[in-house]
Amino acid sequence: MLPCTGRIDESLLLKAFENGADGVMVVGCLEGDCHYVSGNIRARARVKRVYEILDKIKIGPDRIRMFNLSAGEGSKFAAYANEFVGKIRELGPSPINLARGGQVHAASQKETT
Amino acid sequence: MKSGSNLEKVLAAGHFSVTAECGPPRGADPEVVRKKAAYVKGNVDACNVTDNQTSVVRMSSLAGCLLIKEEGIEPLIQMVVRDRNRIALQSDLLGASAMGVRNILCLSGDHQKFGDDPQAKNVFDIDSMQFIHLVKSMRDEGTFPSGKKLDGAPKFFIGCAVNPFADPFEIRVPRLKLKVEAGADFVQTQCIYNMKKFKEYLELAKKQGLHEKVKILAGVTPLKSAGMAKFMKKMVAGMDIPDEVINRIAAEPKEKQAEKGIEMCIELIQELKEMEGIAGVHVMAIEWEEKLHEIIGGAGLLPRPVVE
Amino acid sequence: MITGTPKPIEEILEMLEPYDNIILAGCHGCVTVCRVGGEKEVQVLASTLRLAREAAGRKIAITEISLERQCDPEYVEKLRPYVSDHQAVLSIACGAGIQFLAEKYAITPVLPGINTGFLGVTERQGEWAERCQGCGDCVLHLTGGICPVTRCAKSLFHGPCGGSSQGICEVGKDVKCGWQLIIDRLKALNQLENYGKLKPYKGWHTSRDGGPRRILREDMI
Ligand code: SF4
Ligand code: SF4
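Residue numbers (the working numbering), protein chains in the order written: chain A, 1 to 113; chain B, 1001 to 1308; chain C, 2001 to 2221.
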């Protein structure tokens, strides 16, 4: 958990994949509602950059996604999380985990907010 | 006489002069040049041969000049500083003069980005203004810019180009003045379609007495069609074609537009002929050299005077 | 500052083909400011390379180090204890820094991780623009503080050429005509008379054209 998605940078997101994540879901506040003004907007740009990197190195861009929610939307959060996990399960283990010899943490996620 | 060129003589004798241009081919076939030369011959006092215009590679200007010279036309070599450093410029000047080319147009050259080789390295060692000065000092002082003496000075009637329609307008006449001070004997203007703006420019130049120091040849290009006019207006940087001009040619049915374009060009030349400060016209019939006789004759400028 | 852009990851991976154990060296100077070769970029590039290589079935070990500057001998020295344990160094400093590493560590291959660009300024976050070509003989006092060598696409000394239209250069819609800028500034400074003088031919010998350049300040040695 981070106090603000604005603290997330590209290297942190990539580290998650290095540490064996099959997917990374970034959940930030609603745009326009950031306590630190533009933390979540910056996070979006960084997520996009990581999306592009993952695409280029053939890990698959869809393994990262950003969601925006307000603190009161617990059920929505659960729905998003289930949806994302489902999607990652469909994609299967990341090429990294496959290369590491199949110790698959299916849909292991790093929650960051 | 500075150069003894036919163009210089015609102008010195007070005649309204005519020049045209001839673009060399995209290949090594001399017949293309000879064919164009046949259309030019007898209609002009000198004929420009372009130098890799718009950075599209063509037969060299010097070779083109020699080919038209063989056909009995006085050549006017165009030389751009885009592709030559001062060493190559000096050397080409000596070569051109040795081969009997007596008129030169000193140009910057379009950026290589427009041509076949946008990845080429450009030169721009000296600019067109300094190039004018270089030619003049070689001709008049008989020395290289390094100060060393020349074994025979090159003889050139020195020209430059001006675009009265480029921006900023206020700097256009000061820039012409600078070119005159650098050593230009004559200038050829960008194609004129916007007469109102051109007159404004000419008035400012005349206020400085520039028309008495330099021969101003007004540039004209006959429009082949309304499409061509629209294309040039949109795509050629610094080309000013007012809507009235486009509307006038567009009002004609397609098959009559070329004829109209020629008629408009003749009218323009006739108007320019009457203007104080204009010493001649430069007719750029782009890939339409076969119409030169009709245009120049139509404007009452034929036959060309013979000055001894 | 000296600016640059990252090399495409595919190109870097190809360069690294022969190696399994490298140093990735960043620099805290210019390339940090223009966000292409600082500590952060080292982390991101290292992770990216590790992931790509592992996914391709051939791991690579990367030691991440950022130096204060790669263009100063005392900082470059700091890399020495590590170099012999690695097969190659991938540097994301400017071309000068990369070369300085290469000449200090003569038997270790040093590879470029960025494409070095130009001497420029940050016009706004994420946008840099060229301002100087280091011609070795500055004329900014004559041209209203705007460089004709750099800002005019043809490096003209008596512009603007006939291609200048509404402030835009003939080379492209998003390129301002350097000479329009010069004229505007000279006007604002009331120095338009500077325009009307023929300038001597530029001596390019003080620029790259004189061969590789060197500054020797006896007073400082
Ligand atoms: S004149 Fe030379 S030194 Fe001055 S800004 Fe331009 S390139 Fe740099
Ligand atoms: S348009 Fe302006 S900047 Fe571009 S080449 Fe001409 S003078 Fe230079």
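For glycine and all other residues, C-beta sits at the position ideal for the given N, C-alpha and C.
Values in this document were obtained by computation on a predicted structure and should not be read as measured data.
Just measuring C-alpha positions, the residue of Thr2032(C), Pro2006(C), Val2139(C), Ser2047(C) sitting nearest Asn19(A) is Ser2047(C).
Look at the region 2072–2099 of chain C and you find these whole runs of beta strand (DSSP E), each 3 residues long or longer: 2088–2091. Shown here, His1282(B) sits in a strand according to DSSP, grouped into three states. Selection Leu1217(B), Ile1126(B), Glu1271(B) evaluated against Ser1017(B) yields Leu1217(B) as nearest (Cα-Cα). His1282(B) has a beta carbon lying at 8 angstroms or more from every beta carbon in chain C. Note on geometry: alpha-carbon atoms of Ile8(A) and Val2044(C) lie some 12 angstroms from one another.
Not one heavy atom of ligand 1 sits closer than 7 angstroms to the Cβ of Gly2203(C). Counting along the chain, no alpha helix (DSSP H) covers Lys1254(B), and no H or E run does either. A distance criterion of 7 angstroms places the beta-carbon of Thr2003(C) beyond contact range of ligand 1, judged by its closest non-hydrogen atom.
Collapsing the DSSP output to three states places Phe67(A) in a strand.
At least one heavy atom of ligand 2 lies less than 7 angstroms from the C-beta of Leu2156(C). Cys2027(C) is a Cβ neighbour of Gly2097(C), given a cutoff of 8 angstroms. Judged by their CB atoms, Ile1073(B) and Phe1156(B) are not nearer to each other than the 8 angstroms cut-off. With the rule of 3 Cβ pairs closer than 8 angstroms, the region 1290–1308 of chain B counts as touching the region 1039–1053 of chain B. Excluding the 5 residues flanking it on each side, Val2033(C) has same chain C-beta neighbours closer than 7 angstroms at Met2001, in chain order. Distances from the CB of Glu1308(B) to the heavy atoms of ligand 2 are all 7 angstroms or more. DSSP places Arg2213(C) in the coil class of the three-state scheme, outside both helix and strand. What you get when you keep residues with a C-beta closer than 5 angstroms to any heavy atom of ligand 2 is Cys2152(C), Ala2153(C), Lys2154(C), Gly2159(C), Pro2160(C), Cys2161(C), Gly2163(C), Ser2164(C), Cys2169(C), Glu2170(C), Cys2177(C), Gly2178(C), Trp2179(C).
Bounds of any alpha helix (DSSP H) do not take in Asn19(A), whose DSSP letter is neither H nor E.
From the beta-carbon of Ile53(A), the residues of chain C found nearer than 7 angstroms are Thr2048. Around the Cβ of Arg42(A), a 10 Å sphere holds 16 or more other Cβ atoms; the residue is buried.
With its beta carbon at least 8 angstroms from every one in chain B, Lys2176(C) lies outside the interface. Three or more beta-carbon pairs separated by less than 8 angstroms are not found between the region 1244–1251 of chain B and the region 1174–1192 of chain B, which leaves the two stretches without contact.
In terms of Cα proximity to Glu1308(B), the closest of Val1010(B), Val1057(B), Gly1147(B) is Val1010(B).
Residue pairing by DSSP puts Ile2065(C) in a beta bridge opposite Ala2025(C). Here Arg2058(C) is exposed: its Cβ has fewer than 16 other Cβ atoms, across all protein chains shown, within 10 Å. No Cβ-Cβ contact shorter than 8 angstroms links Leu2181(C) with Asn2194(C).
Between Arg63(A) and Asp33(A), the C-beta gap is not smaller than 8 angstroms, which leaves the two residues out of contact.
Looking at the backbone, the Cα of Arg1058(B) and that of Gly2004(C) are separated by about 36 angstroms. Closest by C-alpha distance to Leu1076(B), out of Gly1142(B), Pro1222(B), Leu1107(B), Lys1233(B), is Leu1107(B). Between the alpha carbons of Asn1194(B) and Ile2168(C) lies a distance of about 20 angstroms.
Closest option to Arg2069(C), judged by alpha-carbon separation, among Val2042(C), Gly2029(C), Leu2192(C): Gly2029(C).
Contact annotation: Val2149(C) and Cys2094(C) have beta-carbon atoms that are not nearer than 8 angstroms. Proximity of Lys48(A) to chain C, defined by a Cβ-Cβ separation below 8 angstroms, is not satisfied. Taking C-alpha positions only, Arg1102(B) is separated from Pro1154(B) by approximately 9 angstroms. Nearest to Lys1196(B) by C-alpha distance, out of His1015(B), Lys1256(B), Glu1271(B), Gly1227(B), is Glu1271(B).
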